[in-house]
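Colleague: Chains R and W, in that order, are what the protein sequence lines are.
Positions 1 to 214 (my numbering) are the ones given, in order, by the first sequence.
Positions 1001 to 1214 (my numbering) are the ones given, in order, by the second sequence.
Have a look at the structure that comes next, please.
2 protein chains.
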Amino acid sequence: MKERQNIPKATIERLPLYYRCLDKLVTFEEVEVVSSKDLGGRLGIPSTQVRKDLSYYGEFGRRGVGYNVVELKKSVGKILGVDKLWPAVLVGAGNLGRALVNYSSFEMMGLEISHVFDSDLSKIGNSINNIPVKSTKILEKIVEEEEIKLGVITVPAEAAQEVATEMVEAGIKAIWNFAPTRLYVPEDIVVKNEDLAVGIVSLIYHLSWQEEIE
Amino acid sequence: MKERQNIPKATIERLPLYYRCLDKLVTFEEVEVVSSKDLGGRLGIPSTQVRKDLSYYGEFGRRGVGYNVVELKKSVGKILGVDKLWPAVLVGAGNLGRALVNYSSFEMMGLEISHVFDSDLSKIGNSINNIPVKSTKILEKIVEEEEIKLGVITVPAEAAQEVATEMVEAGIKAIWNFAPTRLYVPEDIVVKNEDLAVGIVSLIYHLSWQEEIE
DNA sequence: AATATTAAGTTAAAAATTTCACTTGAATAC
DNA sequence: GTATTCAAGTGAAATTTTTAACTTAATATT
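Set out below in structure tokens:
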């Protein structure tokens, strides 16, 4: 595999799309080979973009033929690191937290929410998808023992920083943050903000612009 | 307000962040004026980016002084179209759908989920956050009657296209799609894919890369 | 009142990303 | 066997986006 430098962020965001599409091709359609044009077409991405994205990591296709679906899926899975399951802790057993724990398609993407925590006594002890909700007091212990690297934050914005700090102290290296707030963490910790409210605004922006020009 | 052309998508994604930050400043801190440096600092965005983003829409600050927080919030809200509430229908009363209906911070961003639908008979009639779940059969009727423009899809991937088509036929103009699949809709319909599984992969990518260089 | 400082707005440069045009290689048709 | 078509890989061009440098305006300081 080539050096992983100077690779556009946008490329890394597209790779999971390729990966899931390839998975669909493997599972539902029994095609052996797919072209960049076909793969891109299914995702609304130009074929040349598909080829360029893949070219950052190596040569996966055969000229004049296309890509072997099974092989490419395996390769992209390896590139992304989703060829193994990454255990994760989730803090915040509210509606969103519960939804994520029950979300079935994460497993395919390498995510396994192994432990759920909350500070609310009324929630501790309940089970979500067969995972018991534990007190945040034992977060550190579990993260250390099981050497968990991934943390998911689904607490309200006010509590998010505290949870993040606890996670980092426990040894978490990457945080998926659903709280609508910025987290301050050491440089070597990766944070991905999944800001739901932001997503809707771009739609509203378009709607309100549409109305204006009507 | 200036022409809304050639404005980077990234800018439109940052405006909601400014908006929420300004809202916090208005509500919790009683500062009257904020500089681009301060505003950007709170969000991890360079001051020059903040100024450039705003400059696409007009002049909102005073040189040597900064931006009036209340005024700028109002201006950005107007730009985004979140100065009014946009009623929306949500289809798919599963875990994620329920989580979104209960998500309190949407209102600030102009989204009001007014109706919830599902095709599952066991779900119809239940209430989520005081909103009764209705049969998808009456989706079209309600969307037409109330002239609703916004649709949220939280059904499984297999059902998403069908729901999207129904929405479009009913008169929906913008779709917020949580199903991990591409939707085929007419050109004038805006779709925003909120692909949860994609978000986690960029974290896993970084983690697996980190391990490799250790 | 003149000067220094602060900070928005803007133009130009730099960087990043996408698209294009081309080359190479494989399969098929003639 | 040669020609044609298909499609990956790639370097360069075009585009987009960000960053930097500069100009202008407001306030505070001496």
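By construction, the Cβ of each residue, glycine as well, lies at the ideal position given by its N, Cα and C atoms.
Whose CA, out of Glu1144(W), Thr1165(W) and Tyr1205(W), lies closest to the CA of Glu1187(W)?
Modeller: Measuring from the Cα of Glu1187(W), the nearest candidate turns out to be Thr1165(W).
Colleague: Using only the alpha-carbon positions, how far apart do Val112(R) and Ala1179(W) sit?
Modeller: The amino acid at residue 112(R) is misidentified as Val; the sequence shows Glu. Distance between the alpha carbons of Glu112(R) and Ala1179(W) is about 19 Å.
Colleague: Would you kindly report the start and end of the unbroken alpha helix (DSSP H) that includes Ser1135(W)?
Modeller: From DSSP, Ser1135(W) is part of no alpha helix (DSSP H) but of the beta strand (DSSP E) over Ile1131 to Ser1135.
Colleague: Given this structure, state the Cα-to-Cα distance separating Lys1037(W) from Gln161(R), to the nearest angstrom.
Modeller: Using only the alpha carbons, I get a separation of about 22 Å.
Colleague: Quick check on Ser75(R) - is its C-beta less than 8 Å from some C-beta in chain W?
Modeller: It does not; no Cβ of chain W falls within 8 Å.
Colleague: Select from Val1155(W), Lys1078(W), Val1143(W) and Leu1121(W) the residue whose C-alpha is nearest the C-alpha of His1115(W).
Modeller: Among Val1155(W), Lys1078(W), Val1143(W) and Leu1121(W), the Cα nearest to that of His1115(W) is on Val1143(W).
Colleague: Go ahead and label Tyr18(R) buried or exposed: buried means 16 or more other beta carbons lie within 10 angstroms of its beta carbon, across all protein chains shown.
Modeller: Buried, because 16 or more other Cβ atoms sit within 10 Å of the Cβ of Tyr18(R).
Colleague: Which residues does DSSP pair with Trp1209(W) in a beta bridge?
Modeller: Beta-bridge pairing links Trp1209(W) to no other residue.
Colleague: Do you know offhand how far Glu146(R)'s Cα is from Ser75(R)'s?
Modeller: Straight-line Cα distance between these residues: approximately 28 Å.
Colleague: With 8 Å set as the bound, which would you pick, yes or no: does the beta-carbon of Phe106(R) sit closer than that to a beta-carbon of chain W?
Modeller: At least one chain W Cβ lies under 8 Å of Phe106(R).
Colleague: Pull up the DSSP beta-bridge partners for Ser1127(W), would you.
Modeller: Ser1127(W) pairs with Pro1132(W).
Colleague: Cα-Cα, which of Tyr1205(W), Glu1169(W), Val1155(W) and Ala1093(W) is closest to Asn1129(W)?
Modeller: The residue with the shortest Cα to Cα distance from Asn1129(W) is Ala1093(W).
Colleague: Would you identify the three-state DSSP class for Asp1188(W), choosing helix, strand or coil?
Modeller: Residue state, collapsed to three classes: coil.
Colleague: Give the DSSP-derived three-state secondary structure of Leu15(R) in the structure shown.
Modeller: The answer is helix: DSSP assigns Leu15(R) an H, G or I state.
Colleague: Measure the C-alpha to C-alpha separation of Pro1008(W) and Lys141(R) and round it to an integer number of angstroms.
Modeller: Those two C-alpha atoms are separated by around 45 Å.
Colleague: Taking only beta carbons into account, state which residues of the stretch 1140-1159 of chain W come closer than 7 Å to chain R, listed in chain order.
Modeller: Answer in chain order: Lys1149 and Leu1150.
Colleague: Express the C-alpha separation of Val190(R) and Ala197(R) in angstroms, rounding to a whole number.
Modeller: Near 21 Å, if we compare the C-alpha coordinates of Val190(R) and Ala197(R).
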